[in-house]
Amino acid sequence: MPYIRLDQIEFSIGTHVLLDKVNLTLDKGERLGLLGRNGAGKSTLMRILSGELAQEDGERWVDPNITVARLDQALPEDLETTVFDYVATGLAKTGALLSRYQALISDSSGQNLDELSQIQSELEHLGGWSMAQRIEKILQQLALNADQRLSTLSGGWRRRAALARALVIQPDVLLLDEPTNHLDIPSIDWLEQQVNAFEGAIVLITHDRRFLQKVCNRIGELDRGHLSLWQADYAKFLVLREQQAEATARQEGLFDKKLAQEETWIRQGIKARRTRNEGRVRALKAMREERAQRRMAQGKGSFALEEANRSGRRVAEARGISFCYANEPVVNDFSTIIQRGDRIGIVGSNGVGKTTVIKLLLGELKPDQGDVLLGTQLEIAYSDQLRGELDPDKDLIDNVCGGQQFIEINAQRRHAISYLGDFLFAPDRIRTPVKALSGGEINRAILARLFTRPANVLILDEPTNDLDIETLELLEEILFEFTGTIILVSHDRHFLDKVVTSLLVMSGNGDIEEQAGSYSDWEARGGRLEAPTGSPMTTQAIAEPSEAAIDQSDRPAKLIPDEGIDSTTRKQRTKLSYQEQRELDALPGEIELLETRHAELLELIAQPDFYKQPPDDVAATLKAVTESEQSLDRALERLVELEG
Numbered sequence: 049m050p051y052i053r054l055d056q057i058e059f060s061i062g063t064h065v066l067l068d069k070v071n072l073t074l075d076k077g078e079r080l081g082l083l084g085r086n087g088a089g090k091s092t093l094m095r096i097l098s099g100e101l102a103q104e105d106g107e108r109w110v111d112p113n114i115t116v117a118r119l120d121q122a123l124p125e126d127l128e129t130t131v132f133d134y135v136a137t138g139l140a141k142t143g144a145l146l147s148r149y150q151a152l153i154s155d156s157s158g159q160n161l162d163e164l165s166q167i168q169s170e171l172e173h174l175g176g177w178s179m180a181q182r183i184e185k186i187l188q189q190l191a192l193n194a195d196q197r198l199s200t201l202s203g204g205w206r207r208r209a210a211l212a213r214a215l216v217i218q219p220d221v222l223l224l225d226e227p228t229n230h231l232d233i234p235s236i237d238w239l240e241q242q243v244n245a246f247e248g249a250i251v252l253i254t255h256d257r258r259f260l261q262k263v264c265n266r267i268g269e270l271d272r273g274h275l276s277l278w279q280a281d282y283a284k285f286l287v288l289r290e291q292q293a294e295a296t297a298r299q300e301g302l303f304d305k306k307l308a309q310e311e312t313w314i315r316q317g318i319k320a321r322r323t324r325n326e327g328r329v330r331a332l333k334a335m336r337e338e339r340a341q342r343r344m345a346q347g348k349g350s351f352a353l354e355e356a357n358r359s360g361r362r363v364a365e366a367r368g369i370s371f372c373y374a375n376e377p378v379v380n381d382f383s384t385i386i387q388r389g390d391r392i393g394i395v396g397s398n399g400v401g402k403t404t405v406i407k408l409l410l411g412e413l414k415p416d417q418g419d420v421l422l423g424t425q426l427e428i429a430y431s432d433q434l435r436g437e438l439d440p441d442k443d444l445i446d447n448v449c450g451g452q453q454f455i456e457i458n459a460q461r462r463h464a465i466s467y468l469g470d471f472l473f474a475p476d477r478i479r480t481p482v483k484a485l486s487g488g489e490i491n492r493a494i495l496a497r498l499f500t501r502p503a504n505v506l507i508l509d510e511p512t513n514d515l516d517i518e519t520l521e522l523l524e525e526i527l528f529e530f531t532g533t534i535i536l537v538s539h540d541r542h543f544l545d546k547v548v549t550s551l552l553v554m555s556g557n558g559d560i561e562e563q564a565g566s567y568s569d570w571e572a573r574g575g576r577l578e579a580p581t582g583s584p585m586t587t588q589a590i591a592e593p594s595e596a597a598i599d600q601s602d603r604p605a606k607l608i609p610d611e612g613i614d615s616t617t618r619k620q621r622t623k624l625s626y627q628e629q630r631e632l633d634a635l636p637g638e639i640e641l642l643e644t645r646h647a648e649l650l651e652l653i654a655q656p657d658f659y660k661q662p663p664d665d666v667a668a669t670l671k672a673v674t675e676s677e678q679s680l681d682r683a684l685e686r687l688v689e690l691e692g
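Under the working numbering, the very last position in the sequence shown is 692; numbers go up by exactly one each time.
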């Protein structure tokens, strides 16, 4: 019996058909990768699968004995809540009671004892104590700190918290919408292991082609409302799709020949109007409609990069540069020479300072020690800077083309609508404000603006985020043809393999290692970024505790096992209360994240165009810097206090 079955599902937004008679059966053990252009309806299909969105027509059947969880593409928004409380929201009423119980036992005033007693009774009735242990277990598996606030977490760690929230209900079906977004390479490696160990069914949307290849055993492609299904991994799917495209092209050739013959016949006039030929006339009309539908297929993007005159042979040279933040080394005695035509990928875990290295090499940040020398005749295009220059209130044509109807690209005068069409923007989208664009559309807009500027040095900071696979492949082709210098930061391993010819590998302790070849070449030589800890997840991984494991007389709000706790920690627990020990255990990680966040803010205000922003935005960022520094000071003081 399948877990979920969709029959003839239809869904539209206005006149735009997203799903047209879609059929899908999802069985245990399937790992289905959903492909399609941005806006094709993949997330809509996911929401219908989860039951969050009702189809306009067709039937959705779900096995009544299973549970379904969905990881949304958006990150958690309530950043003031703790990780435990956020994950507990996945358990509905019981989770809310557990969160309230935690808040009450942390209140030392003793004014809410009656409410505390009532909540304890409700939790016992609902089996809430076992669910508390379930939450603790999954947080332990994902290496998450229960007491940490989401506001102190990076995007990758907030993505983990969202995954924990989906898993805590012990789903049979897991729906993952862009699960690798905001994750660094070690975290993506870790997630691959978790997905492959999951025993239920998984449907995922991702632009990460290597991730698709490693985890999916079935591929679904959504195109103009129609879902095509392939029982294959990603590599085999590409071969089968190409074979199908060739067969379709042959069929369309025969069809067009037949249509031309019928058009010749209809122009003969009087014969076509005879009663006995009306069926043939109707068949011709149907053929015309079929041909028109084929013309509605979206074309491929065709953008090109405008290159400037060649730069000097030496683009940049770093001589023994070092850079520290809060006495922690980001770059330690690093030297390199970047020459014209080099294609360099910078890789490392989140927070190691990859963007800092770019700013040091560009001269935007001054190293604490050493020197950076820039070459001559450099025309630099920096994608991250362009992101900051986009005005969210202005429309697409104003942001990309400066409001002009015509733009000159590679010495050719192009109409703005035609140029934006190369980046897959329909004419009715060019007057859309940037703030109303999707993530993928914003990235395409950045590329469109980037390619209007003559450049011989390209600096790309996470250029693949939110782009669909077709656009990624086109970008790879353009960069392959580019004769200038490329420096890029990316967590997309497939993209790195296609574009770069050398790596700067950042280990996180200030050391930067230069490696020749692609990312896969480095891996083949034994290279590996440090991976996060955590046990593989399965549908049974979060086991229910026995009643004997729970002390009925004195239940803490959150229960953790003692495995892995060394003797020093056990001895220290005799001196501190339970809550104090939990706080002490969490503080080093929290301090590290606070330092990373503070460093990011300092980098932000160091940007040359920072004070060109609206005064309110400048003031808000400066306030955030002050608050970040105060939070860091408080955390350090508390650490000293608890350590005695």
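Note that CB positions come from ideal geometry on N, CA and C, so glycine has one too. Quick caveat, the model's predicted, so the values are computed rather than measured.
Counting only the same chain and skipping the five closest in sequence on each side, list residues whose C-beta sits under 6 Å from that of residue i.
i	result
Leu544	Gly393, Ser538, Tyr567
Ile89	Sequence check: residue 89 is Gly here, not Ile. So the qualifying residues of the chain are Leu66, Leu67, Leu270.
Gly487	Asp514
Arg541	Arg258, Tyr567
Ser550	Ile392, Ala564
Gln620	For Gln620, the predicted structure reports a pLDDT of 39, less than 50, and the residue's modelled location is therefore unreliable. The matter cannot be settled from this model.
Asp610	Because the pLDDT of Asp610 is 34, which lies under 50, any placement of that residue in the model is unreliable, and the question is left without a value.
For residue i, is the classification buried or exposed, using 16 other Cβ atoms within 10 angstroms of its Cβ as the cut-off for buried?
i	result
Ser397	buried
Glu685	exposed
Asp665	exposed
Pro227	buried
Trp61	First, the residue type needs correcting, since residue 61 is Ile and not Trp in the sequence shown. So Ile61 ends up on the exposed side.
Thr254	buried
Asn694	One cannot answer for residue 694 here, as it falls past the ends of the chain, which runs 49 to 692.
Ser383	exposed
Asn86	buried
Gln56	exposed
Glu294	exposed
Strictly by DSSP, which residues pair up with residue i?
i	result
Glu376	Tyr373
Gly393	Leu536, Leu551
Asp225	Ile253
Ala429	Leu506
Val420	Ala366
Ser276	Glu269
Ala564	Ser550
Phe454	His463
Gln387	Arg362
Asp443	Pro481
Leu54	Leu72, Arg108
Excluding sequence positions up to five away, which residues of its chain have a Cβ less than 8 Å from the Cβ of residue i?
i	result
Ala102	Ile96
Glu628	Leu690
Gln387	Arg361, Arg362, Val363, Thr533
Gly84	Lys90, Glu269, Leu270, Asp271, Asp516
Val482	Leu438, Asp439, Pro440, Asp441, Lys442, Asp443, Leu444, Asn447, Ile490, Ala493
Gln600	At Gln600 the pLDDT is 33, less than 50, meaning the model places this residue with poor confidence and gives no usable figure here.
Gly389	Thr531, Gly532, Thr533
Ile693	An answer regarding residue 693 cannot be provided, because it is not within the stretch 49 to 692 covered by the chain.
Leu409	Ala364, Ala366, Ile386, Val420, Ile535
Ser199	Leu127, Glu128
Glu675	none
Ile478	Asp443, Leu444, Ile445, Ala464, Ile465, Leu468
What distance in whole Å lies between the Cβ atoms of residue j and residue i, which are believed to be in contact at a cut-off of 8 Å?
i	j	result
Leu223	Val363	Not really, about 45 Å apart at Cβ, beyond 8 Å.
Leu577	Ile233	5 Å
Ala249	Leu74	5 Å
Ala647	Tyr373	5 Å
Ala210	Leu119	6 Å
Glu524	Val547	6 Å
Val263	Val243	5 Å
Ser202	Leu652	With 8 Å as the limit, Ser202 and Leu652 do not qualify as a contact, their Cβ atoms being about 15 Å apart.
Val216	Ile267	Not quite, the Cβ-Cβ distance comes to about 29 Å (not below 8 Å), so this is no contact.
In chain order, what residues of the same chain lie with their CB nearer than 7 Å to the CB of residue i, ignoring the 5 residues before and after it?
i	result
Gly411	Val420, Leu422
Ala634	Asn193, Asp195, Gln196
Gly612	Here the model assigns Gly612 a pLDDT of 37, short of 50, so the residue's position is not dependable, and the following value carries that caveat. Once the five neighbours on either side are set aside, Gly612 has no close Cβ partner at all.
His274	Asp68
Threshold first: 3 residues or longer. Then list the beta strand (DSSP E) segments lying entirely within the segment 58-117, N to C.
If we require 3 residues or more, the beta strand (DSSP E) runs fully inside the segment 58-117 come out as 64-74, 79-83, 105-110.
Please specify which runs of the beta strand (DSSP E), each continuous and at least 3 residues long, are wholly inside the segment 508-559, giving them in chain order.
The DSSP assignment places complete beta strand (DSSP E) segments of no fewer than 3 residues inside the segment 508-559 at 533-537, 550-554, in order along the chain.
Every unbroken alpha helix (DSSP H) within the segment 474-500, with a cutoff of 4 residues, ordered by chain:
The qualifying runs are 487-498.
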